[in-house]
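Just so you know, we're using the working numbering here: the sequence shown kicks off at 1 and counts up by one.
Have a look at the structure below, then the notes.
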Amino acid sequence: MAIGETAYVNSVREQLLAGRTRLSEVVGQNQSERLLQLLEEVDSALHRIDHGTFGVCEICQGVVEEERLRENPLARVCLDCLTPKQQRALEYDLELAAQIQKGLLPPCDVAFPGWDISYHYQPAGVVGGDYCDLIPGNDGELNFVMADVSGKGVAAAMLSSNLRAIFRSLIPVGLSTAELMTRANRLFRQSALPTQYATLVFGKSTIAGNVEIVNAGHLPVMLASNTGTRLFESTSQPLGMFDDQLFTPARAGMHAGDTLVLYTDGMSEAENDDGAEYGLARLQKLIELHCGGCPNKLVDACKQHLDGFRGRRERFDDETLLAIQYAPTALHEHSHRAAVI
Ligand SMILES: [Zn+2]
């Protein structure tokens, strides 16, 4: 057997059996050719598991790439043995997925009254499992989300777009931060595989600069101001781990010029040619050095510094960095002027 982990193969068998039950119910009502074919493929994968040939390429008898098999347990041939037509189809699918993922990011010139915002998003592969979002709430609130879905590639990208749908549909409901996270966790658990989870930060700020932040297993959020940096550490498990998780938001008041910085481990855990890690301390120092300027410059400075550190070393994880600066002046001037008029 190419993939020798018994526990892993057992979990694939369970997944396939559960999928088979659902599929046969649907086939009972609608015998489409595509569904019947899928059922056949599931049966064939189960057969391969029972006969010890799961993960063996049917053409060259070599090994089907482990990552691909984890994403698609129905894969029967290794990448080298795909026909040119199948390879093109795969590339086309990926390209399309990348385009869709790009379209789901906030626009580059995103503008929220009272806030100056900039971000950087660079998946390691064609598509990524990081999720970064800015969502307007009720009464001029700004909601922000940063998450890192476990795993890589298409499977992680699909779950990150699922997270986006969850948050975008829950936010307009107007729940408390704790309740919103509880519901998001439950919904996410329902759609993820048992081995998948997401570290995540959700935050909400009023136009007066009062911020609530929930950090679920993610790296610390930094609130940089001219008096120092406050860290918002994780206070709960990542999303998707347990059904009845409780989430407690941390609170802060922001002053004009204060900057919240959120990022994923693709930034802080990037490595250089010698295998040394970039590290949180370096990132924090850089943020403190540039937090007085506009977020655009801060994000650029972090990006450049990290690129310089990494050198020729390949990027192995998705990189996301989001800087949100409280800039109420323009807003106040505007409302003041409106009041005068
Ligand atoms: Zn092969």
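Positions of the beta carbon are idealized from the N, C-alpha and C atoms, including for glycine.
All figures in this text were calculated on a predicted structure; none of them were measured in a lab.
### Task
Please report how far the alpha carbon of TRP115 lies from the alpha carbon of ARG186, in whole angstroms.
Within the sequence shown, the letter at position 115 stands for residue 115. Within the sequence shown, the letter at position 186 stands for residue 186. For TRP115 and ARG186, the distance between alpha carbons rounds to 31 Å.
#### Entry: First and last residue of the uninterrupted alpha helix (DSSP H) at THR177
Position 177 of the sequence shown, counting from 1, holds the residue named residue 177. Judged by DSSP secondary structure, THR177 falls within the alpha helix (DSSP H) whose first and last residues are 177-191.
### Query
Does the stretch 42-57 come within contact of the stretch 110-125, defined as at least 3 CB pairs closer than 8 Å?
Counting Cβ pairs under 8 Å, fewer than three are found: no touch.
### Query
Would you say ARG313 and GLU269 are within 7 Å of each other, going by their C-beta atoms?
Numbered from its first residue, the sequence shown carries residue 313 at position 313. Numbered from its first residue, the sequence shown carries residue 269 at position 269. Going by C-beta atoms, ARG313 is not nearer than 7 Å to GLU269.
#### Entry: Spatial neighbours of VAL201 in its chain, beta-carbon cut-off 6 Å, leaving aside the 5 residues before and after
Position 201 of the sequence shown holds residue 201. So the qualifying residues of the chain are MET146, ASN215, HIS218, VAL221 and LEU262.
### Query
Who sits around ligand 1, taking every residue whose Cβ is closer than 5 Å to one of its heavy atoms?
Listed along the chain, these residues meet the criterion: CYS57, ILE59, CYS60, GLY62, CYS78 and CYS81.
### Query
Hey, how far is the Cα of CYS294 from the Cα of ASN138?
Locating residue 294 in the sequence shown gives position 294, where the first residue counts as 1. Locating residue 138 in the sequence shown gives position 138, where the first residue counts as 1. Answer to the nearest angstrom: the Cα atoms are 26 Å apart.
### Query
Is ILE287 helix, strand or coil by DSSP?
Position 287 of the sequence shown, counting from 1, holds the residue named residue 287. Helix at ILE287.
### Three-way DSSP call (helix, strand, coil) for TYR309 in this model
The residue given as residue 309 occupies position 309 in the sequence shown. Note that residue 309 is Phe in the sequence shown here, rather than Tyr. In the three-state scheme derived from DSSP, where H, G and I count as helix and E and B as strand, PHE309 is classed as helix.
### Task
May I have the straight-line CA-CA distance separating PRO123 from LEU322, to the nearest angstrom?
Position 123 of the sequence shown, counting from 1, holds the residue named residue 123. Position 322 of the sequence shown, counting from 1, holds the residue named residue 322. In this structure, the alpha-carbon of PRO123 lies about 14 Å from that of LEU322.
#### Entry: Where CYS132 falls: helix, strand or coil (DSSP)
Taking the first residue of the sequence shown as position 1, residue 132 is located at position 132. Residue state, collapsed to three classes: strand.
### Task
Could you tell me which of GLN284, LEU82 and ASP273 sits nearest to MET267, measuring between CA atoms?
Locating residue 267 in the sequence shown gives position 267, counting from the first residue. Nearest option by C-alpha distance: GLN284.
### Query
Within the chosen definition, does the stretch 192-201 reach the stretch 145-160 through at least 3 CB pairs nearer than 8 Å?
As far as the Cβ criterion goes, the stretch 192-201 touches the stretch 145-160, which means the pair count is three or higher.
### Query
Are the CB atoms of ALA208 and CYS291 nearer to each other than 7 Å?
On the sequence shown, residue 208 is found 208 positions in, with the first residue counted as 1. On the sequence shown, residue 291 is found 291 positions in, with the first residue counted as 1. Going by C-beta atoms, ALA208 is not nearer than 7 Å to CYS291.
### Collapsed DSSP secondary structure at GLY62 in the structure displayed
Here the question's residue 62 lines up with position 62 in the sequence shown. DSSP places GLY62 in the coil class of the three-state scheme, outside both helix and strand.
### Message
Run through the DSSP bridge pairs and tell me what VAL201 is partnered with.
### Response
Taking the sequence shown and counting its residues from 1, one reaches residue 201 at position 201. Per DSSP, the beta-bridge partners of VAL201 are MET146 and ASN215.
### GLY257 versus ALA250: straight-line alpha-carbon distance, rounded
Here residue 257 refers to the residue found at position 257 of the sequence shown. Here residue 250 refers to the residue found at position 250 of the sequence shown. The alpha-carbon atoms of GLY257 and ALA250 are separated by roughly 20 Å.
#### Entry: Secondary structure of GLU71, DSSP reduced to three states
For the purposes of this step, residue 71 is taken as residue 71 along the sequence shown, with counting starting at 1. If DSSP states are grouped into helix, strand and coil, GLU71 belongs with the helices.
### Integer Cβ distance of GLN101 from ALA192, believed to fall under 8 Å
The sequence position of residue 101 within the sequence shown is 101, counting from 1. The sequence position of residue 192 within the sequence shown is 192, counting from 1. Actually they are not in contact, since the Cβ atoms of GLN101 and ALA192 sit about 18 Å apart, beyond 8 Å.
### Query
Applying the criterion that 16 or more other CB atoms from any shown protein chain within 10 Å of the CB defines a buried residue, is SER63 buried or exposed?
Working through the sequence shown from its first residue, we reach residue 63 at position 63. The amino acid occupying residue 63 in the given sequence is Val; Ser does not appear at that position. Looking at its Cβ environment, which holds fewer than 16 other Cβ atoms inside 10 Å, VAL63 is exposed.
### Task
Tell me LEU231's beta-bridge partners as DSSP assigns them.
Reading the sequence shown from its first residue, position 231 is the one you call residue 231. Note: LEU231 sits in a beta bridge opposite MET222.
### Boundaries of the alpha helix (DSSP H) in which THR6 is found, first to last residue
As a first step, residue 6 is located in the sequence shown; it is residue number 6 there, counting from the start. Start and end: 6-29.
### Query
Nearest to GLU319 by CA position, among GLY174, PHE167 and TYR119, is which residue?
Indexing the sequence shown from 1 puts residue 319 at position 319. Taking GLU319 as reference, the option from GLY174, PHE167 and TYR119 with the minimal CA-CA separation is TYR119.
### Message
For a quick check, are the C-beta atoms of LEU46 and LEU16 less than 7 Å apart?
### Response
On the sequence shown, position 46 is the one that residue 46 refers to. On the sequence shown, position 16 is the one that residue 16 refers to. Yes, the pair counts as a contact, with Cβ atoms nearer than the cut-off.
### Message
I'd like to check one pair, ILE324 with ILE135: are the Cβ atoms closer than 7 Å?
### Response
What you label residue 135 is simply residue 135 of the sequence shown in a count that begins at 1. What you label residue 324 is simply residue 324 of the sequence shown in a count that begins at 1. The Cβ atoms of ILE135 and ILE324 do not sit closer than 7 Å to each other.
### Message
Just verifying my parser: in three-state terms, what is the DSSP assignment at HIS47?
### Response
Against the sequence shown, residue 47 aligns to sequence position 47. In this structure, HIS47 counts as helix in the three-state DSSP scheme.
### Message
DSSP has GLU251 in a bridge; who is on the other side?
### Response
What you label residue 251 is simply residue 251 of the sequence shown in a count that begins at 1. What sits at residue 251 in the sequence shown is Arg, not Glu. According to DSSP, which records beta bridges pairwise, ARG251 is partnered with GLU212.
### Query
What are the boundary residues of the beta strand (DSSP E) that ALA323 is part of?
What you label residue 323 is simply residue 323 of the sequence shown in a count that begins at 1. Counted as a single uninterrupted DSSP element, the beta strand (DSSP E) harbouring ALA323 occupies residues 319-326.
### Task
Could you have a look at GLN87 and say whether DSSP puts it in helix, strand or coil?
Within the sequence shown, the letter at position 87 stands for residue 87. Correct three-state label for GLN87: helix.
#### Entry: Per-residue DSSP class, three states only, for SER236
Reading the sequence shown from its first residue, position 236 is the one you call residue 236. Secondary structure of SER236 (DSSP, three-state): strand.
### Query
Do SER205 and LEU163 come within 7 Å of each other at the CB atom, strictly closer than that value?
As a position in the sequence shown, residue 163 is number 163, starting the count at 1. As a position in the sequence shown, residue 205 is number 205, starting the count at 1. Contact flag unset, no.
### Query
LEU69: buried (16+ other C-beta within 10 angstroms of its C-beta) or exposed?
Mapped onto the sequence shown, residue 69 falls at position 69. Under this definition LEU69 is a buried residue.
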